[in-house]
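Here's the structure, in C-alpha cells; my notes come after.
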Amino acid sequence: MGAIREAFDFSDFPLVERIGFGIFCLFLLAFPWLGMDSFGMAVMIQFLLFSLFGMGWNTIGGYGGQVELGKAQYVGIGAYTVAVLMVRWDIPYWFSMPLGVLIALGYSFLIGYPLFRLKGHYFAIATIATSLVLQDIFINWNFVGAAKGIELPIKGNTFLYMQFTNDTYYYYFILAYFLAGVLYMNWFRKSKLGYQLRMIKIDEEAAESLGIDARWCKIKAYAIASAFVAVGGSFIAVYNLYIDPESVMHLELSIMIALMAMLGGAASLWGPIIGAAILVPLDRYLGSWLGGHKELMGVDFMIYAAIIMFIAAFEPRGIWGIVERYRGRRT
Amino acid sequence: MVLADAFIQGILMGFLFALISLGLTIIFGVMDIVNFAHGEFLMLGMYTAYCLSISLGVDPLVTLPLCGAVGALLGLVSYYGLVRYLLRGPMVAQLLGTFGLMLFLRYLAVFLWGIDYRMIKKGLLVGKSLTIGPFHLDMTKVVCALLSLVAFTVVSWIIFKTRVGKALRATSINREAASYMGIKTERMNALAWAMGGITVGIAGGLLANFYYIYPMVGLLFVMIAFATVALGGFGSIKGAFFAGILIGILETVFPIIGHLLKTSIIGPQYKMTIVYLAYFLVVVFRPRGLFGWEQ
Amino acid sequence: MAFLEVRNLTKDFGGIVANNDISFSIEEGEIVGLIGPNGAGKTTLFNCIVGYYRPDGGRVIFRGRDITGWKPFQTAREGIGRTFQLMRAAGELTAVEHVMVGAFLHQEDRVEAEREAREVLAFMGLEGVADLYLTELPLAIQKQVGLARALAIKPVLLMLDEVASGLNPTETEEMVKLLKRIHREKGITLFLIEHVMEVVMPISEKVIVLDGGVKIAEGPPEEIAHDEKVIKAYLGEKYARGL
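Chain order of the listed sequences is V, B and X.
Numbering-wise (the working numbering), the first sequence opens with residue 1 and increments by one.
Numbering-wise (the working numbering), the second sequence opens with residue 1001 and increments by one.
Numbering-wise (the working numbering), the third sequence opens with residue 2001 and increments by one.
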C-alpha cells in the first residue's frame, strides 16, 4: 500500500541524517547486548517510552501548533484500561490495549469538540483543567482503585499478558512501539492531514479558504496524539505492574511530554526523540544522584525549568530548530 | 442555615480569590500574556509572611507590605529577566516560558523549605472569631476579606484615577497607538508585572494567615485564578472582583449542596472539579466572560 | 439564475452599518470589479460572501444555493476561492507545499497533489521558486503563490482581495495579463475588490461601486468612470460638477 511505502520513505532527509538514524537504530537493536546495567536498561526503556509520548504530542502540539498540556489523562486511560481489565476479568493485554486506545480515541473526540473552540492560552489552560478533572475522578472512583491505584497480578513470563521477568523483553517491546511510532510519524508528516495542520498553524484563515475544516483537523490530530499516548500508557501498566492516579495522570507528566517535544524541536520528526534523549537521562541520573543528597531536593526540576525558560526565550523552535536554521531546510 | 453559612464563607473567600486574580488580569490586559507562574508568586508571598513573622516574631499582618514588596520584586525580575524576551516569540514560547518560571519557583521553594506543610499558629487574629447574629465567622478571614477589598479599591483608584493608570489602560487597549502617544510601553509592561506581583504577594500574605503553606499550593490557586479571570473577563478588574466572589461562593456552596441532597457524588473532593468545569463552560460558551472585551 | 446573487445584504457592527441593503448579481464567466473609497464596506461585503462574517440581513446565493452564513471552508468547498491581502508566511512550507494544500481539497494522494501544484505554479510562471520557502521570497512573489494556492482548489468563482496592491507599474501590467489568462484559460469567474484602477477598469465587464456602506453605482467601466455619484465619492463635490 502507498501508505506503507510512504512510511518507509525517508528520502527527503539529507543522507547524513539517514545514515545517522540508521546507525542509531542499529545501536538500539543491539543495546541489550552491550552490557549495560539494569539502571541503564531502565533509562533506555524510559527514553523510548517518552519518545513515543513526545511524538504523539507532536501531531497536535508541534505540527498543529496547539500547545496542549493534558496528555497525562490519556496515559491514564491506556494504563487503567489494561490494568482494570486484567485485574477484574483476567483479560489479556492484546485485547485490553486496543480497547484502551479506542476509549482514548472516543474520549478525545468527546472533549475535543468543545475544546477546540478555544485557542491559545485559553486552550492550554482548558487542557490542563480537563486532565485535572479526570485525575480527580480517578482518585475518587472505587472501580479503578481510587487513590490507592491498582496492583497487577504477577503472571511470570507471558506474551498473552505481556509480562516478563527479564527487562530485555520489555525493552524490545517498547522498541517495537517506538519504531512503529517513528514510521507512523514519517507517514503523518507527509500526509494530507499533516500538510493541512501545518497550513492551519501558519494561517488558519488561509487554510479555511482552501476548504479545510480547521477545527475538525485539529480534533483528528488530537485524537491521534491521544492514541499514541494511550499505547504508551498500556505499556506502563504491564511494565510497572502498579499504577495510581498520581503516577500516571499527574500534571507534571503532561508538562514533561510537551516539554520534551518542544525542547527537541516540535514540528519535526527527530525533535521529540532528541528531547527525550536529553531530558530522560537527565531526569534519571540527576534524580538518583540527588536522591543521595536530600538537601538538594528540587534542584533537578529547577534545572529543567531553567532549560525550558532559556529555550522559550531564545530558541522556541528547540534544538532541532537550531539545526534546521543551519541547513535551511525543514522536515 | 448551613447553606447560608457556607454562602457567607464563600463570599469571604471570594474576596481573596478576587485579589489573587487581580494581578493575573492586569498582566493579561496590558500585554496578552498569561502568567502561569502566578500561583507561585502567591506561594512565595505566603512563605514571606511565614518566614518573617517567625524570624522577626511579629504578627503576620505586619509583614504584608513586605509580602507586597517581594511580589513586586518577583514581578519585575520576571519581566526584565524573562518575559521581555518571550514577548518577541510565538505564543507557544510564551506559554512554555511562564511555565518554566512556574516550575522553577515551585522547586526553588521545595529546595529552600522542603515539601512539608506549614501553618502560622501565632497571630493577632488566629483562632478568634466574630459573631454576627447566628453566624460565626473566622476573624482572620473577615480581616483578610476587608483588606482585600481595600487593596482592590486602591488598585482601581490607581488604574482609573491617575495618569499612570490611564497610560496603563491605553497600553492595554491599543499598544501601538499608546506608543505613538509617547507612552513607554516597556515601562507599562514592567509596571503591570510589578502591580500584578504586589497584589498577589499581599494576597499570599493574607492567605498565609489561615491556609496551609507548602510549595504546591500555587497550582491549586492558579487554577482558581484562571477560572476567575475567565469568568470575569480577561483584562477586566471589575470582572475579577465579581467573578472571584462568585467562584468563592461556588466552591464552598457546592459540597454543601451535595451534603444536603445526601449524595456523595457531589462532595468536597470535587471542589476543584467544579471550578475547572466552570472555567471550561465559561470559556467555551462565553469567551469574554462577564465584563471582558469581545474576543 | 445568476451565478452569484447578493440580495439586500446588510452587516451591522453594533452601530456602524458597514453594508446597507446591497444587491447585485454576477453572471458566470464575467469579470466584475468592486470599487469604492476607503471605508466603503468592500472588505465587509467580501467577507460576508466568503463566510468570514455572517450577514445580519439579506441573502447570498451561489449557483442556486443559499450560502448565507456558511463558514469559509464550506464556501471554499462550494467553489469559491479567494486570495489574501496579507500572506502569512512561515518558514515551514515551501511554495509548492502551500499550493499542494489547496490541491488536497479534491485530491487524496500526495504525489498527485504535488504534481497538480507544480502544474499550477508552472501556469503562473513560478516553477523556479517552487521549492523555496515562502519566507525566502519577496512579498510580490508570495502573493502570487497565494493566488496559485487559491487556483489549486479549482474554484469556479475567484474572489481577489486587492491583488494589485503594492505592485509597481510593470508588475501591475503583468497582473492584468495574468488575470485575463486565468479567466480565459481556466474559465473562472473573477470578482475583484480593487483600489488600483489600472487593473480593475481595463478588464472588468462590470463595475460595482460602494460608498458609505451603500451601492451607489453599477455598470460598465466607461459609464462608471463618468458617473457623477462615483466621482463625488472619490474626489468630492467639486470634481463631480466637472470642474
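Beta carbons are placed, not taken as given, at the ideal position from N, Cα and C, and that holds for glycine.
Treat the numbers as computed from the prediction; the structure is a model and nothing was measured.
The beta strand (DSSP E) enclosing residue i, as first and last residue numbers
i                     : result
serine 1129(B)        : 1129-1132
phenylalanine 1950(X) : This structure cannot speak to residue 1950(X), because chain X is shown only from 2001 to 2243.
histidine 250(V)      : Per DSSP, histidine 250(V) belongs to no beta strand (DSSP E) and is neither H nor E.
threonine 2010(X)     : 2004-2013
isoleucine 2061(X)    : 2057-2062
alanine 2164(X)       : Note, alanine 2164(X): premise wrong, no beta strand (DSSP E); not H, not E.
isoleucine 60(V)      : Careful: isoleucine 60(V) lies outside any beta strand (DSSP E) and carries neither H nor E.
histidine 2116(X)     : The sequence given here has glutamate at residue 2116(X), not histidine. That residue, glutamate 2116(X), is in no beta strand (DSSP E); its alpha helix (DSSP H) goes 2110-2123.
glutamate 2218(X)     : 2214-2219
leucine 2210(X)       : 2206-2211
Range covered by the alpha helix (DSSP H) that runs through residue i
i                    : result
aspartate 972(B)     : This structure cannot settle anything about residue 972(B), because the visible part of chain B is limited to 1001 through 1295.
alanine 147(V)       : Run containing alanine 147(V): none; DSSP gives neither H nor E here.
glutamate 2027(X)    : Careful: glutamate 2027(X) lies outside any alpha helix (DSSP H) and carries neither H nor E.
isoleucine 23(V)     : 15-30
aspartate 1138(B)    : It is not in any alpha helix (DSSP H) - aspartate 1138(B) instead sits in the beta strand (DSSP E) that spans 1135-1138.
isoleucine 1985(X)   : In the structure as shown, chain X starts at 2001 and stops at 2243, and residue 1985(X) therefore has no counterpart that could be examined.
leucine 1112(B)      : 1091-1113
lysine 1271(B)       : 1271-1285
isoleucine 2049(X)   : 2042-2050
phenylalanine 164(V) : Run containing phenylalanine 164(V): none; DSSP gives neither H nor E here.
asparagine 240(V)    : 214-240
glutamate 2198(X)    : 2197-2203
Beta-carbon proximity list for residue i, same chain, < 8 Å, skipping 5 on both sides
i                 : result
alanine 1109(B)   : Glu1040, Met1043, Leu1044, Tyr1047, Pro1215
tryptophan 320(V) : Gly264, Gly265, Ser268, Trp270, Gly271, Ile274
leucine 2132(X)   : Thr2094, Ala2095
isoleucine 255(V) : Leu69
Residue i burial status per 10 Å Cβ neighbour count (16 or more: buried)
i                  : result
asparagine 1209(B) : buried
tryptophan 270(V)  : buried
glycine 76(V)      : buried
aspartate 213(V)   : buried
threonine 1162(B)  : exposed
histidine 1038(B)  : buried
glutamate 2162(X)  : buried
histidine 2098(X)  : buried
histidine 293(V)   : exposed
methionine 1323(B) : Coverage of chain B is limited to positions 1001 through 1295, which leaves residue 1323(B) absent and any answer about it impossible.
methionine 1119(B) : exposed
arginine 2066(X)   : The identity of residue 2066(X) in the sequence shown is aspartate, whereas the question assumes arginine. So aspartate 2066(X) counts as exposed.
isoleucine 4(V)    : exposed
histidine 1136(B)  : exposed
threonine 2147(X)  : Per the sequence shown, residue 2147(X) should be read as leucine rather than threonine. Leucine 2147(X) comes out buried.
lysine 2011(X)     : buried
arginine 198(V)    : buried
valine 1283(B)     : buried
threonine 2044(X)  : buried
Close beta carbons around residue i, own chain, < 7 Å, minus the five adjacent residues each side
i                 : result
lysine 353(V)     : Absent from the structure is residue 353(V), since the part of chain V shown begins at 1 and ends at 331.
lysine 1122(B)    : none
glutamate 2171(X) : Ala2140
leucine 2243(X)   : Low confidence applies to leucine 2243(X): its pLDDT is 46, below 50, so where it sits in the model is not reliable, and the reading given next is rough at best. Cβ neighbours of leucine 2243(X) beyond the five flanking positions: none.
glutamine 46(V)   : Val280, Arg284
alanine 261(V)    : Gly54, Trp57, Asn58, Gly61, Gly62, Gly271, Pro272, Gly275
6 Å Cβ shell around residue i - same chain, five flanking residues per side excluded
i              : result
serine 1021(B) : Ala1225, Thr1228, Val1229, Ala1240, Gly1244
valine 2061(X) : First, the amino acid is wrong: residue 2061(X) is isoleucine here, not valine. Glu2005.
lysine 2042(X) : Leu2034, Gly2036, Ile2193, Leu2210
* Asked: Relative to chain V, which residues along the stretch 1069-1087 of chain B have a C-beta separation below 7 Å, given in chain order?
  -> Leu1082, Tyr1085, Leu1086
* Compile a chain-ordered list of the residues in the stretch 116-140 of chain V whose CB is closer than 8 Å to at least one CB of chain B. => Arg117, Leu118, Gly120, His121, Tyr122, Ala124, Ile125, Ala126, Ile128, Ala129, Thr130, Leu132, Val133, Asp136, Ile137, Ile139, Asn140
* Start-end ranges of the alpha helix (DSSP H) lying completely within the stretch 89-116 of chain V, minimum 4 residues -> 93-115
* Would you list, in chain order, the members of the stretch 198-216 of chain V that have their beta-carbon closer than 8 Å to a beta-carbon of chain X? => Arg198, Met199, Lys201, Ile202, Asp203, Glu205, Ala206, Ala207, Glu208, Ser209, Leu210, Gly211, Ile212, Asp213, Ala214
* Quick one: which residues of the stretch 1183-1216 of chain B get their C-beta closer than 7 Å to a C-beta of chain V? List them in chain order. => none
* Could you run through the stretch 167-195 of chain V and flag, in chain order, every residue whose CB is less than 8 Å away from some CB of chain X? => Lys190, Ser191, Lys192, Tyr195
* Asked: Which residue spans inside the stretch 1169-1251 of chain B form an unbroken alpha helix (DSSP H) run of at least 4?
  -> 1175-1180, 1185-1207, 1217-1232
* What are the residues of the stretch 2177-2211 of chain X that lie near chain V, defined by any Cβ-Cβ distance shorter than 9 Å? -> none
* Check each residue of the stretch 2060-2073 of chain X: if its Cβ is closer than 8 Å to any Cβ of chain V, include it; give the result in chain order. => Lys2071, Pro2072, Phe2073
* If contact means a Cβ-Cβ distance below 9 Å, which residues of the stretch 2107-2125 of chain X contact chain V? -> Gln2107, Glu2108, Asp2109, Arg2110, Val2111, Ala2113
* To do: May I ask you to list, following chain order, the residues of the stretch 248-280 of chain V that have a beta carbon less than 9 Å from some beta carbon of chain X?
  => Ala267
* Return the residues of the stretch 1100-1112 of chain B that lie within a Cβ-Cβ distance of less than 7 Å from chain V, sorted by chain order. => Gly1100, Leu1101, Leu1103, Phe1104, Tyr1107, Leu1108, Val1110, Phe1111
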